[in-house]
Amino acid sequence: MSTSEDQSINQVHDVIIIGAGPCGLAIAARLRETTPSALFTDAEHQRYHWIQKHKRRTRMVPTKGRATNKVLDDHGERNNRPSTLGNCEGTQYSIVVLDSFSDSWMAKWKALFRALEIRNLRSPLFFHPDPADRDGLKGWANSQGREREMVELKGVVSKELSKHRVKSERKKRVMQGPRGKSIDERDKQDYFTPSTGLFNDFCLNCTEPNKLNGLILHAHASAIHFNKEDSNGEMGGLFTVETSSGNQHARSIVLAVGTGIPTGISSKEEESIGSCHSSDLLKQNALAPQVQQKINAKADTAVIVIGGGFTSAQIVDLCICEGVSRVWHIMRGHFKVKHFDLDLSWVAKYKNVNMSAFWMAGTDEERLEMLQTARNGGSINPSYKAILYAHERRGRLRRYTQTRVITKDWDAKSKTWKVMTEPPIPNLPAIDYIYFATGTSADVHNMPLLEPSLKRYPIPTISGLPCQTDDMQWSSEVPLFATGRLAELRLGPGAANLEGARVSAERITWRLQERLGQRVADKDDATRYCSAERLNDLQERSNSEWIHLNMYNALYEV
Numbered sequence: 156m157s158t159s160e161d162q163s164i165n166q167v168h169d170v171i172i173i174g175a176g177p178c179g180l181a182i183a184a185r186l187r188e189t190t191p192s193a194l195f196t197d198a199e200h201q202r203y204h205w206i207q208k209h210k211r212r213t214r215m216v217p218t219k220g221r222a223t224n225k226v227l228d229d230h231g232e233r234n235n236r237p238s239t240l241g242n243c244e245g246t247q248y249s250i251v252v253l254d255s256f257s258d259s260w261m262a263k264w265k266a267l268f269r270a271l272e273i274r275n276l277r278s279p280l281f282f283h284p285d286p287a288d289r290d291g292l293k294g295w296a297n298s299q300g301r302e303r304e305m306v307e308l309k310g311v312v313s314k315e316l317s318k319h320r321v322k323s324e325r326k327k328r329v330m331q332g333p334r335g336k337s338i339d340e341r342d343k344q345d346y347f348t349p350s351t352g353l354f355n356d357f358c359l360n361c362t363e364p365n366k367l368n369g370l371i372l373h374a375h376a377s378a379i380h381f382n383k384e385d386s387n388g389e390m391g392g393l394f395t396v397e398t399s400s401g402n403q404h405a406r407s408i409v410l411a412v413g414t415g416i417p418t419g420i421s422s423k424e425e426e427s428i429g430s431c432h433s434s435d436l437l438k439q440n441a442l443a444p445q446v447q448q449k450i451n452a453k454a455d456t457a458v459i460v461i462g463g464g465f466t467s468a469q470i471v472d473l474c475i476c477e478g479v480s481r482v483w484h485i486m487r488g489h490f491k492v493k494h495f496d497l498d499l500s501w502v503a504k505y506k507n508v509n510m511s512a513f514w515m516a517g518t519d520e521e522r523l524e525m526l527q528t529a530r531n532g533g534s535i536n537p538s539y540k541a542i543l544y545a546h547e548r549r550g551r552l553r554r555y556t557q558t559r560v561i562t563k564d565w566d567a568k569s570k571t572w573k574v575m576t577e578p579p580i581p582n583l584p585a586i587d588y589i590y591f592a593t594g595t596s597a598d599v600h601n602m603p604l605l606e607p608s609l610k611r612y613p614i615p616t617i618s619g620l621p622c623q624t625d626d627m628q629w630s631s632e633v634p635l636f637a638t639g640r641l642a643e644l645r646l647g648p649g650a651a652n653l654e655g656a657r658v659s660a661e662r663i664t665w666r667l668q669e670r671l672g673q674r675v676a677d678k679d680d681a682t683r684y685c686s687a688e689r690l691n692d693l694q695e696r697s698n699s700e701w702i703h704l705n706m707y708n709a710l711y712e713v
């Protein structure tokens, strides 16, 4: 164990983030960002960073109003009073990030994208973990000369409607009342998807100004314990996290542990030779050894991919490109095609209508019903629809909707499956391999990491999802926060995607700042508090209804 790890173990951190994926990165970046786009306009953001850049060469004078200091020209008199904003160089909380996969940001994310050979993200440009600027990804791509790595989403923006369709829709609105377009031309520039390389490089770029490198400890977290009194007997609480490299201690914990637990896979160990869940492709080649051997011997091969989501389409394409003779694509529901994993009504500018209804739901049971309706099973995007149709035309792919696998028997001798479906698939041959692209389930009761916390501090759950506080906290007394799928009852159906990562980071950080105090490092690296003016300014912003994090309440009342 290194000296730095020894020091980390003996230290009581302000925050431990478990998981170094997009959600973990969003939390860490937001904790270090002093001018988040959720609170500061573009003009204020630019002014602040200009002052930061030139503060050693410019002069300030006190003024009235929100601008507490004003920059003078070279003929002005020197004023040694520092700028309020200039002093807050970034909130220097003590943070450690635990990740069982690697000691670098988003390593598991990148590995899964490589395994599935994903070239472009499915999400629009404004879904990213950088808290400083909503349009940061688009601006960074332009500044790097990588505009070509942003692919336009066809059929989303209103220009895709023909003039006859527009005229027809206009007549319908006269009869039915105004509905509004999902996305209008002014927002067209947002509806491009970044390449995988562009997005990964942008996220890496976000870690440097926020000083996030070196925070990650490659260790597996196995249990979380919480005591309401710390080692000195003072109230406030202290967490102890058991890890593979020793215990870690912190005053707050943020869970950013990924999508959930794989579903639909076989529990028999001997059958694992002939099947896997899509998440297992992180640990193995796309093709099993026995399948690769048959391909090398020029023998016919047959595989089944179960699932109707985006990942199933990627696996189908990957198998065919790797040389599999025929693929059977089986799904329980209909074959659904959508640009995003949610309908546009939950993504575009009119999502506020749905989110206000979600926020004002009377019970978490109502919210769960809305979540299930919004997700509506898996779907693929139009690009992969075209790819799958091309494989079908060549006779390499057969797709069966509203079909279930009812029995599957593994023959260890021939290393093949005998599969029965409902309704039956005619002339289904012996199957060499089965891929379960059946998604994951989020259930706190199936997470060993949370067993001690659940036992000592029980929390109500619905279908495995914790009923957190509105601040996304375990309870008012236990500062354990959760993002991603575990936060769906508070964030809505987009909690598990990149937008959810950004929104959860904003809400969790405000609660952490209330608990831990607005502490920053001054020039001598000693801890002190920001000036009263700075805190009052932030408090005014947080109390303003138009920027309140739960703005959907206000929308509902309009």
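If you want the numbering used here, it's the position in the sequence shown, counting the first as 1, plus 155.
Every residue gets a Cβ at the ideal spot worked out from N, C-alpha and C, and that includes glycine.
Remember, it's a predicted structure, so these values are computed and weren't measured experimentally.
* From residue 525 to residue 513, what distance separates their C-alpha atoms? -> If you number the sequence shown from 1, residue 525 lands on position 370. If you number the sequence shown from 1, residue 513 lands on position 358. Rounded to whole angstroms, residue 525 to residue 513 spans 7 angstroms at the Cα level.
* Separation of residue 444 from residue 591, as counted between CA atoms -> Numbered from its first residue, the sequence shown carries residue 591 at position 436. Numbered from its first residue, the sequence shown carries residue 444 at position 289. The C-alpha of residue 444 is placed about 18 angstroms away from the C-alpha of residue 591.
* Asked: At which residues does the beta strand (DSSP E) containing residue 179 begin and terminate?
  -> Here residue 179 is taken as the residue at index 24 of the sequence shown, counted from 1. Here residue 179 belongs to no beta strand (DSSP E); instead the alpha helix (DSSP H) covers 177-187.
* Is DSSP giving residue 516 helix, strand or coil here? -> The residue labelled residue 516 in the question sits at position 361 within the sequence shown. The three-state secondary structure of residue 516, taken from DSSP, is coil.
* Closest by CA to residue 404, which one among 252, 614, 508? -> In the sequence shown, counting from the first residue as 1, residue 404 sits at position 249. Minimum Cα distance to residue 404 is reached at 252.
* To do: Could you tell me the boundaries of the alpha helix (DSSP H) in which residue 291 lies?
  => In the sequence shown, counting from the first residue as 1, residue 291 sits at position 136. That run of the alpha helix (DSSP H) goes 291-298.
* Asked: Comparing alpha-carbon positions, which option in 565, 611, 640 lies nearest residue 596?
  -> If you number the sequence shown from 1, residue 596 lands on position 441. Checking every option, the nearest Cα to that of residue 596 belongs to 640.
* Is there contact between the stretch 424-436 and the stretch 573-590, where contact requires at least three CB pairs shorter than 8 angstroms? -> With a cut-off of 8 angstroms, the stretch 573-590 and the stretch 424-436 count as touching, because enough Cβ pairs lie within range.
* Note the first and the last residue of the continuous beta strand (DSSP E) segment covering residue 371. => Here residue 371 is taken as the residue at index 216 of the sequence shown, counted from 1. Residues 371-373.
* 7 angstroms Cβ cutoff met for residue 446 and residue 484 -> As a first step, residue 446 is located in the sequence shown; it is residue number 291 there, counting from the start. As a first step, residue 484 is located in the sequence shown; it is residue number 329 there, counting from the start. For residue 446 and residue 484, no; Cβs fall outside 7 angstroms.
* Taking just the CA atoms, how far does residue 174 sit from residue 392? -> Numbered from 1 along the sequence shown, position 237 holds the residue referred to as residue 392. Numbered from 1 along the sequence shown, position 19 holds the residue referred to as residue 174. If I take the Cα positions, the gap works out to 22 angstroms.
* Hey, out of 362, 262, 364, 458, whose CA is closest to residue 552's CA? -> If you number the sequence shown from 1, residue 552 lands on position 397. Of the listed residues, the one whose Cα sits closest to residue 552 is 458.
* **Boundaries (first-last residue) of the alpha helix (DSSP H) holding residue 361** => In the sequence shown, the residue the question calls residue 361 occupies position 206. Per DSSP, residue 361 belongs to the alpha helix (DSSP H) from 351-362.
* Are residue 496 and residue 644 touching if we call contact CB-CB under 7 angstroms? -> By one-based count along the sequence shown, residue 496 stands at place 341. By one-based count along the sequence shown, residue 644 stands at place 489. Here residue 496 is not near residue 644, since their CB atoms are 7 angstroms or more apart.
* Which stretch, first to last residue, makes up the beta strand (DSSP E) that contains residue 407? -> For the purposes of this step, residue 407 is identified with residue 252 of the sequence shown, where counting begins at 1. Per DSSP, residue 407 belongs to the beta strand (DSSP E) from 401-410.
* To do: From the DSSP output, in three-state form, read off residue 614 for me.
  => Stepping through the sequence shown from its first residue, residue 614 is reached at position 459. Note: residue 614 maps to coil in three-state DSSP.
* To do: Would you mind sorting residue 185 into buried or exposed? The rule is 16 or more other CB atoms within 10 Å of its CB.
  => Counted from its first residue, the sequence shown places residue 185 at position 30. When all chains shown are included, residue 185 counts as buried.
* Asked: Alpha carbon to alpha carbon, how far is residue 494 from residue 308?
  -> Residue 494 sits at position 339 when you count from the first residue of the sequence shown. Residue 308 sits at position 153 when you count from the first residue of the sequence shown. Cα-Cα distance, rounded: 8 angstroms.
* My understanding is that residue 183 touches residue 250, with C-beta atoms under 8 angstroms, so please give their C-beta distance in whole angstroms. => Along the sequence shown, read from residue 1 onward, the residue named residue 183 stands at position 28. Along the sequence shown, read from residue 1 onward, the residue named residue 250 stands at position 95. The pair is a contact, with the Cβ atoms about 6 angstroms apart (cut-off 8 angstroms).
* To do: Taking only runs that begin and end inside the stretch 478-560, name each unbroken beta strand (DSSP E) of 3 or more residues, in chain order.
  => As for any beta strand (DSSP E) of minimum length 3 sitting wholly inside the stretch 478-560, the runs are 481-485, 552-555, ordered along the chain.
* **Exposed unless 16 or more other CB atoms sit within 10 angstroms - verdict on residue 168** => By one-based count along the sequence shown, residue 168 stands at place 13. Residue 168 should be labelled buried.
* Sequence-distant residues of its chain with Cβ nearer than 7 angstroms to residue 306 (five each side left out) -> Start at 1 with the first residue of the sequence shown, and residue 306 comes out as number 151. The residues are 275, 347, 348.
* Inter-residue spacing [alpha-carbon to alpha-carbon] between residue 501 and residue 487 -> Here the question's residue 501 lines up with position 346 in the sequence shown. Here the question's residue 487 lines up with position 332 in the sequence shown. Their Cα atoms are separated by approximately 24 angstroms.
* To do: Verify whether the separation of the beta carbon atoms of residue 471 and residue 479 is less than 7 angstroms.
  => Here residue 471 refers to the residue found at position 316 when the sequence shown is read from its first residue. Here residue 479 refers to the residue found at position 324 when the sequence shown is read from its first residue. No.
* Asked: With a CB to CB cut of under 6 angstroms and the five nearest residues on each side skipped, what residues in its chain are close to residue 303?
  -> Reading the sequence shown from its first residue, position 148 is the one you call residue 303. In its chain, beyond the 5 residues on either side, no residue has a beta carbon closer than 6 angstroms to the beta carbon of residue 303.
* To do: Specify the secondary structure class of residue 601 as computed by DSSP and reduced to three states.
  => The residue labelled residue 601 in the question sits at position 446 within the sequence shown. The answer is helix: DSSP assigns residue 601 an H, G or I state.
* Asked: Taking buried to mean at least 16 other C-beta atoms within 10 Å of its own C-beta, is residue 438 buried or exposed?
  -> In the sequence shown, counting from the first residue as 1, residue 438 sits at position 283. Answer is exposed; the Cβ neighbour count stays below 16.
* To do: Please say whether residue 282 and residue 653 have beta carbons closer to each other than 7 angstroms?
  => On the sequence shown, residue 653 is found 498 positions in, with the first residue counted as 1. On the sequence shown, residue 282 is found 127 positions in, with the first residue counted as 1. Closer than 7 angstroms, so yes.
* For residue 265, collect the residues of the same chain with a Cβ closer than 7 angstroms to its Cβ; drop the 5 residues on either side in sequence, then sort them by chain order. => Within the sequence shown, numbered from 1, the residue matching residue 265 stands at position 110. Around residue 265: 355.
* CB of residue 558 within 7 angstroms of CB of residue 571, strictly -> Walking along the sequence shown from the start, residue 558 turns up at place 403. Walking along the sequence shown from the start, residue 571 turns up at place 416. Their beta carbons are not under 7 angstroms apart, which means residue 558 does not touch residue 571 by this criterion.
* Cβ pair residue 177, residue 284 closer than 7 angstroms -> Numbered from 1 along the sequence shown, position 22 holds the residue referred to as residue 177. Numbered from 1 along the sequence shown, position 129 holds the residue referred to as residue 284. Result yes, Cβ atoms of residue 177 and residue 284 sit closer than 7 angstroms.
* Check whether the Cβ atoms of residue 633 and residue 381 sit closer than 7 angstroms, and answer yes or no. => Working through the sequence shown from its first residue, we reach residue 633 at position 478. Working through the sequence shown from its first residue, we reach residue 381 at position 226. Yes. Within cutoff.
* Asked: Any idea if residue 188 is buried or exposed, counting beta-carbon neighbours within 10 angstroms, 16 or more meaning buried?
  -> Here the question's residue 188 lines up with position 33 in the sequence shown. Counting the other Cβ atoms within 10 Å of the Cβ of residue 188 gives 16 or more, which makes it buried.
* Asked: Going by DSSP, what residues sit across from residue 252 in a beta bridge?
  -> For the purposes of this step, residue 252 is taken as the residue at position 97 of the sequence shown. BP columns for residue 252 point to 172, 371.
* **Bounding residues of the alpha helix (DSSP H) (the contiguous stretch that carries residue 643)** => For this step, residue 643 is matched to residue 488 along the sequence shown. 643-646 is the span of the alpha helix (DSSP H), which, as asked, contains residue 643.
* **Opening and closing residue of the alpha helix (DSSP H) in which residue 466 lies** => The count along the sequence shown starts at 1 and reaches residue 466 at position 311. Per DSSP, residue 466 belongs to the alpha helix (DSSP H) from 465-476.
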